[in-house]
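Count the sequence shown with full-length UniProt numbering and you get residues 3 to 264, in order. Report on the structure given below.
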Amino acid sequence: ASQTILSEQNSGVLKLTLNRPEKLNSFNEEMHLALRAEVQRAHDDPAIRAVLLTGAGRGFCAGQDLGDRDPRKGGPKPDLGHTIETFYNPLLRLIRKLDKPVVCAVNGVAAGAGANIAFACDIVLAARSAKFIQAFSKIGLIPDAGGSWSLARILGEPRAKALALTAEPLMAETAADWGLIWKAIEDDALMTEAEALAAKLAAGPTVGLGLTKRLIQEAAGTDLDTHLDRERDLQREAGFSDDYAEGVAAFLEKRSPNFRGS
Ligand code: T3D
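As structure tokens, this is what we get:
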């Protein structure tokens, strides 16, 4: 197994830690492949009911490892379209398609694709000292890993353009005020809170939570009329889940539900 991703599975939560702290957890090929394999495992294994993504050391993730892109080493110019197609796009699609909640605990600086991978997760908590940087413009690139899409969609053009064109750091608290993330949290409370949240989601009605994620993601790309039909269809599916029956029974019996994720 790769040491670039630390993987722990506990009570339905798959905790994944980006683990190249000396390079601020920037992505080399090994880490790309290891992270994708772990998210795929979350997809395939019914015992996994939530994912928690974080970083080792003082940073969350500094995007692509630029040491692997050193132009001074000579050779042809790299085909970055190929690496996006091979690594970042499949990862982004996998996170968005995973019918289970993905919590991201941004423990420190998140730059380039590192910031945009965080924004693709479902619930993002960040340490108050963490900052988000669209570092791409500093090296002549465009925001990838879904960044130009999520920033424009969440923030609108004025803020999206300013962040992307200037690469100015955005502090966690402002990111929360702007709706880019869920919450900024005191640094020393981040992991406790993120783990509690992931555990709570993993003990939840997994079918209903997955369908909820799907519906909310679909909403921006559809009209209300079409979307009302989707809500009907997915509510039908949720209503057939065992966890719905358990949720209603528990309510009527005035006790806590015991959701099994089916
Ligand atoms: O190539 C493709 O496949 C296309 C896809 C691109 C996706 C992208 O993500 S492009 C954007 C790549 N990322 C960046 O441009 C960010 C580069 N890093 C930084 O700007 C800064 O490191 C930070 C603002 C993130 C943090 O600054 P600071 O001062 O807190 O830390 P530092 O001293 O710069 O970094 C600490 C160490 O991590 C340092 O190594 P050293 O000197 O102690 O041996 C630094 O070189 C290393 N590091 C940080 N980021 C990267 C990195 N090494 C390789 N690649 C990095 N991206």
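Here a beta-carbon is modelled for each residue, glycine too, at the ideal position from N, C-alpha and C. Please read all numbers here as calculations on a predicted model, not as lab measurements.
Can you give me the C-alpha to C-alpha distance between residue i and residue j, rounded to a whole angstrom?
i	j	result
Phe134	Thr56	14 Å
Thr208	Lys75	49 Å
Ile125	Glu188	17 Å
Pro103	Gly77	42 Å
Ala201	Ser13	7 Å
Leu203	Arg22	28 Å
Gly83	Asp146	10 Å
Glu40	Leu157	30 Å
Phe89	Asp72	19 Å
Ile17	Leu54	A small fix is needed here, since residue 17 is Lys in this sequence, not Ile. Going by the C-alpha atoms only, they are around 5 Å apart.
Gly263	Asp46	14 Å
From which residue to which residue does the alpha helix (DSSP H) around residue i run?
i	result
Lys163	Glu159 to Thr168
Lys256	It is not in any alpha helix (DSSP H) - Lys256 carries neither H nor E in the DSSP assignment.
Gln237	Leu226 to Gly241
Ala117	Ala115 to Ala122
Leu82	Leu82 to Thr85
residue 1	Missing from the structure shown is residue 1; the chain here goes from 3 to 264 and no further.
What residues match up with residue i in a beta bridge as DSSP calls it?
i	result
Leu172	Phe134
Ser9	Leu18
Gln66	Phe29
Gly210	Gly210 is not bridged to any residue.
Lys185	Leu127
Ala107	Leu127
Ala112	Cys63 and Phe134
Check for me: the beta strand (DSSP E) holding residue i runs from which residue to which?
i	result
residue 281	Nothing about residue 281 can be read from this structure; the chain reaches only from 3 to 264.
Ala129	Ile125 to Ala129
Leu54	Ala52 to Gly57
Do the CB positions of residue i and residue j come within less than 8 Å of each other?
i	j	result
Asn109	Leu213	no
residue 298	Leu93	The chain is shown from 3 up to 264; residue 298 falls before or after that span and cannot be answered.
Ala132	Ala174	yes
Ala113	Ala64	yes
Leu153	Leu172	no
Ala222	Arg155	yes
Ile144	Ser150	yes
Val111	Gly61	yes
Asp245	Gly210	yes
Glu195	Leu254	no
Asn27	Ala58	yes
Ala115	Gln66	yes
Ser139	Leu167	yes
Ile97	Cys123	yes
Leu8	Thr19	yes
Ser4	Glu32	yes
Ser258	Ala252	yes
Arg238	Glu220	no
Taking its Cβ as the centre, do 16 or more other Cβ atoms sit within 10 Å of residue i, making it buried, or is it exposed?
i	result
Asn260	exposed
Asp81	exposed
Ile242	According to the sequence as given, residue 242 is Phe; it is not Ile. Phe242 comes out exposed.
Ala49	exposed
Ile218	exposed
Val15	buried
Val105	buried
Leu230	exposed
Ala129	buried
Using only Cβ atoms and a threshold of 5 Å, which residues come within that distance of a heavy atom of the ligand ADP? Order them by chain position.
Ligands in the displayed structure: the ligand T3D; the ligand ADP is not one of them.
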